[in-house]
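> In the working numbering, the protein residues as written are 646 to 811.
#1: Leaving out five residues before and five after residue 762 in sequence, what residues of the same chain have Cβ atoms less than 6 angstroms from its Cβ?
#2: Quick check for students: name the residue ranges of the beta strand (DSSP E) that lie wholly in the segment 669-754, counting only runs of 3 or more.
#3: Can you tell which of 777, 779, 760 has the C-alpha that lies nearest to the C-alpha of residue 790?
#4: Using the beta-carbon count (16 or more within 10 Å), is residue 764 buried or exposed?
#5: Is residue 801 buried or exposed, if buried means 16 or more other CB atoms sit within 10 Å of its CB?
#6: Less than 6 angstroms between C-beta atoms, sequence neighbours within five positions excluded: which residues of the same chain meet that for residue 766?
#7: Rounding to the nearest angstrom, what Cα-Cα distance links residue 804 and residue 778 in this structure?
#8: Given a threshold of 16 other Cβ atoms within 10 Å of its Cβ, counted over all protein chains shown, does residue 715 qualify as buried or as exposed?
#9: Would DSSP call residue 784 helix, strand or coil?
#10: Determine, for residue 758, whether the minimum Cβ-Cβ distance to residues of chain D falls below 8 angstroms.
#11: Between the segment 682-692 and the segment 741-748, are three or more C-beta pairs nearer than 8 angstroms?
#12: Taking residue 753 as the reference, which of 683, 693, 723 has the closest Cα?
#13: Thinking residue 758 and residue 808 are a contact (beta carbons under 8 angstroms), I'd like their distance in whole angstroms, please.
#14: Thinking residue 796 and residue 785 are a contact (beta carbons under 8 angstroms), I'd like their distance in whole angstroms, please.
#15: Identify every residue that forms a DSSP beta bridge with residue 797.
#16: Using only the alpha-carbon positions, how far apart do residue 783 and residue 664 sit?
#17: Once DSSP output is grouped into helix, strand and coil, what is the label at residue 769?
#18: Whose C-beta lies closer than 7 angstroms to the C-beta of residue 646 among residues of the same chain, with five residues either side of it excluded?
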């Protein structure tokens with residue numbers, strides 16, 4: 646199901662055919678520098694995330710992280726989209742991309758498209774939880790018009806909390 650489309654990207658629900666992309670986004674050390682948790686080591690872990698987290702979020706909330714597909718090659722190059730964060734009782738805009746696509750404006754393009762759809766799900770404010778030191782992610786949040794609300798802890802790590810009223 647397509648959620649949004651931009652000049653270069655399609656944001657859509659993850660499907661079972663995307664398991665390999667989910668694995669890559671959770672196993673490449675360069676990507677995981679500022680992501681809490683251990684890297685995935687086998688594809689079955691990606692299958693579990695797809696079934697037990699991604700699909701469950703779609704069922705429970707009607708939304709969840711969306712696959713970001715690059716129109717030029719049809720590959721899933723990352724994810725961007727909403728996720729309810731129980732510890733904050735808020736909806737986070739989360740995003741993650743393969744390193745080959747960093748520095749090309751993908752984060753801002755996908756993030757803007759994703760945020761424009763939050764209101765369709767009744768979400769009036771979005772947050773971004775960004776580990777201290779992740780300047781690239783902070784740059785994307787600022788480009789999207791998010792402002793820093795302060796610092797907090799998430800999954801045992803200090804984070805900058807950015808937010809935006811929609």
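Beta carbons are placed, not taken as given, at the ideal position from N, Cα and C, and that holds for glycine.
In this text, all values refer to a predicted model and were calculated from it rather than measured experimentally.
Taking the coordinates as given:
#1: In the chain shown, counting from the first residue as 1, residue 762 sits at position 117. So the list reads 648, 649, once near-sequence residues are dropped.
#2: 711-715, 721-730, 735-742
#3: Your numbering for residue 790 matches position 145 in the chain shown. Answer by Cα proximity: 760.
#4: Taking the first residue of the chain shown as 1, we reach residue 764 at position 119. It is exposed - the Cβ of residue 764 has fewer than 16 other Cβ atoms within 10 Å.
#5: Here residue 801 corresponds to residue number 156 of the chain shown, with the count starting at 1. Exposed is the call here.
#6: What you label residue 766 is simply residue 121 of the chain shown in a count that begins at 1. 707, 708, listed in sequence order.
#7: Your numbering for residue 804 matches position 159 in the chain shown. Your numbering for residue 778 matches position 133 in the chain shown. Roughly 9 angstroms between the two C-alpha positions.
#8: For this step, residue 715 is matched to residue 70 along the chain shown. Residue 715 should be labelled buried.
#9: In the chain shown, counting from the first residue as 1, residue 784 sits at position 139. Helix at residue 784.
#10: In summary, chain D is missing from the structure at hand, where a single protein chain is found.
#11: no
#12: One-based indexing of the chain shown puts residue 753 at position 108. If we check each option's Cα against that of residue 753, 723 comes out closest.
#13: Here residue 758 corresponds to residue number 113 of the chain shown, with the count starting at 1. Here residue 808 corresponds to residue number 163 of the chain shown, with the count starting at 1. Contact doesn't hold; Cβ gap of about 19 angstroms is too wide.
#14: As a first step, residue 796 must be located in the chain shown, where it is residue number 151. As a first step, residue 785 must be located in the chain shown, where it is residue number 140. Not confirmed; about 18 angstroms, so no contact.
#15: Numbered from its first residue, the chain shown carries residue 797 at position 152. DSSP lists 804 as partners of residue 797.
#16: Locating residue 783 in the chain shown gives position 138, where the first residue counts as 1. Locating residue 664 in the chain shown gives position 19, where the first residue counts as 1. So the alpha carbons of these two residues sit roughly 28 angstroms apart.
#17: As a first step, residue 769 is located in the chain shown; it is residue number 124 there, counting from the start. DSSP places residue 769 in coil when its eight states are reduced to three.
#18: Mapped onto the chain shown, residue 646 falls at position 1. The residues are 657, 658.
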